[in-house]
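To keep things clear, I will list the structure first and then write my remarks on it.
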Amino acid sequence: MLHPNLLMRRRFPHVAPSRNPCPGVAFGHMPPSTPLPARDAAAPPAAHVRPSDRPLAVRLRAAALLALAALAVALPFAVILAGDPPEARGFTRDFAYALGFAALALAGMQFALTGRLKPLLHPFGADIVVVFHRFLSWGAVGLMLGHFGMFYIWHQDDLGSLSPLTAAPYMTAGRVALGCFVVLIVSSEFRKRLKLDYLWWRRLHVALAVIGFGAAIWHVLGAGHFTGRDETRALWLAVTLVWLLLLAWTRLGRPLRQWFNPWRVTENRDEGSGIRTLVLEPQGRPLRGWRPGQFAWLAVGNSPFGFREHPFTISTAPDRGPQISFSIKPLGDDSKRLSRTPVGARAYVDGPYGVFTIDREIDAEGFVMIAGGVGVTPVIANLRALHARGDPRPVILLYANETWDEVAFRDELSRMSSEMDLRVVHIIAEPPEDWPPEGHLTEAGMIDEALLKRLLPPESRDWPHMMCGPAPMLAAARSALLRMGVPAGRIDSEIFEMV
Numbered sequence: 049m050l051h052p053n054l055l056m057r058r059r060f061p062h063v064a065p066s067r068n069p070c071p072g073v074a075f076g077h078m079p080p081s082t083p084l085p086a087r088d089a090a091a092p093p094a095a096h097v098r099p100s101d102r103p104l105a106v107r108l109r110a111a112a113l114l115a116l117a118a119l120a121v122a123l124p125f126a127v128i129l130a131g132d133p134p135e136a137r138g139f140t141r142d143f144a145y146a147l148g149f150a151a152l153a154l155a156g157m158q159f160a161l162t163g164r165l166k167p168l169l170h171p172f173g174a175d176i177v178v179v180f181h182r183f184l185s186w187g188a189v190g191l192m193l194g195h196f197g198m199f200y201i202w203h204q205d206d207l208g209s210l211s212p213l214t215a216a217p218y219m220t221a222g223r224v225a226l227g228c229f230v231v232l233i234v235s236s237e238f239r240k241r242l243k244l245d246y247l248w249w250r251r252l253h254v255a256l257a258v259i260g261f262g263a264a265i266w267h268v269l270g271a272g273h274f275t276g277r278d279e280t281r282a283l284w285l286a287v288t289l290v291w292l293l294l295l296a297w298t299r300l301g302r303p304l305r306q307w308f309n310p311w312r313v314t315e316n317r318d319e320g321s322g323i324r325t326l327v328l329e330p331q332g333r334p335l336r337g338w339r340p341g342q343f344a345w346l347a348v349g350n351s352p353f354g355f356r357e358h359p360f361t362i363s364t365a366p367d368r369g370p371q372i373s374f375s376i377k378p379l380g381d382d383s384k385r386l387s388r389t390p391v392g393a394r395a396y397v398d399g400p401y402g403v404f405t406i407d408r409e410i411d412a413e414g415f416v417m418i419a420g421g422v423g424v425t426p427v428i429a430n431l432r433a434l435h436a437r438g439d440p441r442p443v444i445l446l447y448a449n450e451t452w453d454e455v456a457f458r459d460e461l462s463r464m465s466s467e468m469d470l471r472v473v474h475i476i477a478e479p480p481e482d483w484p485p486e487g488h489l490t491e492a493g494m495i496d497e498a499l500l501k502r503l504l505p506p507e508s509r510d511w512p513h514m515m516c517g518p519a520p521m522l523a524a525a526r527s528a529l530l531r532m533g534v535p536a537g538r539i540d541s542e543i544f545e546m547v
């Protein structure tokens, strides 16, 4: 149920708290009073924006999905209360039953949240859905513990024996379900501290979710409280069927479709800062309809049925297909393995996903992009698309790294700066002795409010601010931008690292 922690807890010292701003030492940057260079009066390309990406369409779909989720949680209670209401058995007992039904409804919802269903992901973005899944998982386990705790404290007679040797099987099933979900939460939140290998953690995650949900359904139907009528039994059997269909699609249907549509690795090149770019060529149907900044799940090997798939940004501009590329920084065991993928290897791609894209910003007059470390990969994908399309809108990129040697795509960014309306400012926390480098706009220090005020002209406040990087950097930059008067709706952050 619970996906990997989305943000790697890597420390980035170039994030400064706003109460103690560090202005840094600026070299070669343009002062804020300098107007932006004149640009072509042509309108930005509109052909790449789909009607479903218009703000109103996105909001309406998001509202409809949230209403559907609320209905799914309320459905068990509506079915139970339909017709003749059940006889009251006391507030604490009935409330404990309600907690159990709500917990099971939330647990079942998790399979939809983690099933990569594009209609569900489109309005929110895959990263936000996984964060939502994470918190709902905690909520489901909290409700389960409340359900058990209330019976244990006030109604032990209803619990019966706690020993699996003497308890009714359906009661033991409920306790097995609770144990599975607790272990699932703990193993997900503390995977690194527990030193669980990513592959084995994923296998454990799926096994615990399947066993736990199956045991919970057995417990509800076996106990028979408020489920004795045909309508309520049919509801939980239908929930089980939907759950099985989602599981079958996720673990069998989707991999089978990938099996008949493989890719081949044609290049593995060094981008600097330890980042390797894998270039893939389709051996069947090419990837369709992806937008700049989106990502896909990548698996390399002989089969797509394993658990060795990881999400990476598609760093190729859609206008440059059908080949696609993924830029990978080896931060974990599996990403290190993928970064060493040999040319000619077989690969499988599931995507595209994500909403961190310029194609949702057709009305923007320009863009501010803020990247930290490997968080530059979705940013570079959007820049490549702007460059390939000849988009005339101005872009300001603030790119933070700990050292100058860690700057990825340095030459490409420099080249694009000379060929499009792009201003790149490198922000280095620990500059070398031979600082500053020639031919680059640079800052020594950290991203803070003083730096943002100095580098971002007033006319950029209404532009989309697209940010991707470590959590501390995103939080500091967001707070500073809000204080500077940037509307919250113009700040978009990508939670990008799944480990």
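According to the numbering used here, the sequence shown is numbered sequentially starting from 49. Ideal Cβ positions, reconstructed from N, Cα and C, are used throughout, including at glycine.
A contact is defined here as three or more CB-CB pairs under 8 Å, and the stretch 443-461 meets this definition with respect to the stretch 414-421. For His253, no beta strand (DSSP E) segment is defined; the enclosing uninterrupted segment is the alpha helix (DSSP H) at Tyr246 to Ala271.
In the pairwise beta carbon analysis, the stretch 166-173 is classified as touching the stretch 108-117: at least three pairs are separated by under 8 Å. Residue nearest to Trp307 within the set Gly320, Leu346 and Ser508 is Leu346 (criterion: CA-CA distance). Annotation for Glu315: the continuous beta strand (DSSP E) segment containing it runs Trp311 to Asp318.
Counting only the Cα atoms, Thr314 lies some 14 Å from Thr364.
Under the three-state reduction of DSSP, Ser375 is assigned to strand. Scanning its chain for C-beta atoms nearer than 6 Å, with the 5 sequence neighbours on each side dropped, one finds around Pro426 the residues Gly341, Thr361, Phe404, Cys516 and Glu542, in chain order. The DSSP-derived three-state label of His181 is helix.
Cα atoms of Val287 and Asn430: separation of roughly 40 Å, rounded to the nearest angstrom. A check of alpha carbon separations from Met192 across Leu226, Ala216, Asp175 and Ser209 identifies Leu226 as the nearest. Between Thr389 and Val348 the beta-carbon gap is near 5 Å, inside 8 Å, which marks them as a contact.
Within the stretch 497-530, the complete beta strand (DSSP E) segments of 3 residues or longer fall at 513-516, listed in chain order. By the C-beta density criterion, Thr140 is exposed, having fewer than 16 other C-beta atoms within 10 angstroms. In the pairwise beta carbon analysis, the stretch 491-501 is classified as not touching the stretch 457-465: fewer than three pairs are separated by under 8 Å. About 6 Å separates the Cβ atoms of Pro366 and Arg339, confirming a contact at the 8 Å cut-off. Residue burial is scored here from C-beta neighbours: Ala282 has fewer than 16 other C-beta atoms within 10 angstroms and is therefore classed as exposed. Rounded to the nearest whole angstrom, the CA to CA distance from Asn316 to Gly272 is 58 Å. Annotation: Gly262 to Met219 spans about 13 Å, alpha carbon to alpha carbon.
One Cα belongs to Phe343, the other to Arg312, and the distance between them is close to 18 Å.
Between Leu247 and Glu237, the alpha-carbon positions lie close to 15 Å from each other. Rounded to the nearest whole angstrom, the CA to CA distance from Pro505 to Met532 is 11 Å. Only exposed fits Arg241, as fewer than 16 other CB atoms lie within 10 angstroms of its CB. Separation of Leu289 and Leu379 (C-alpha to C-alpha, rounded to the nearest whole angstrom) is 39 Å. At a Cβ-Cβ threshold of 8 Å, Phe159 and Leu294 count as neighbours. The C-alpha of Ala536 is placed about 27 Å away from the C-alpha of Trp186.
Looking at the backbone, the Cα of Pro359 and that of Val397 are separated by about 10 Å. With contacts defined by Cβ atoms closer than 8 Å, Ala477 and Tyr447 do not form a contacting pair. Counting only runs of at least 4 residues, the stretch 137-180 fully encloses the following alpha helix (DSSP H) elements, listed from N- to C-terminal order: 139-161 and 166-169. Contact check for Leu147 and His203: beta-carbon distance about 13 Å, past the 8 Å limit, so the pair fails to qualify. Straight through space, the alpha carbons of Val327 and Arg336 are spaced by roughly 16 Å. According to DSSP, Arg394 shares a beta bridge with Arg312.
Shown here, Thr451 sits in coil according to DSSP, grouped into three states, outside any helix or strand. Take Trp511, set aside five residues on each side of it, and the residues of its chain with a beta-carbon closer than 8 Å to its own are Ala412, Glu413, Gly414, Phe415, Val416 and Arg538, in chain order. For His435, the enclosing alpha helix (DSSP H) starts and ends at Val424 to Arg437.
Rounded to whole angstroms, the Cβ separation of Phe143 and Phe125 is 12 Å, and the two are not in contact under 8 Å.
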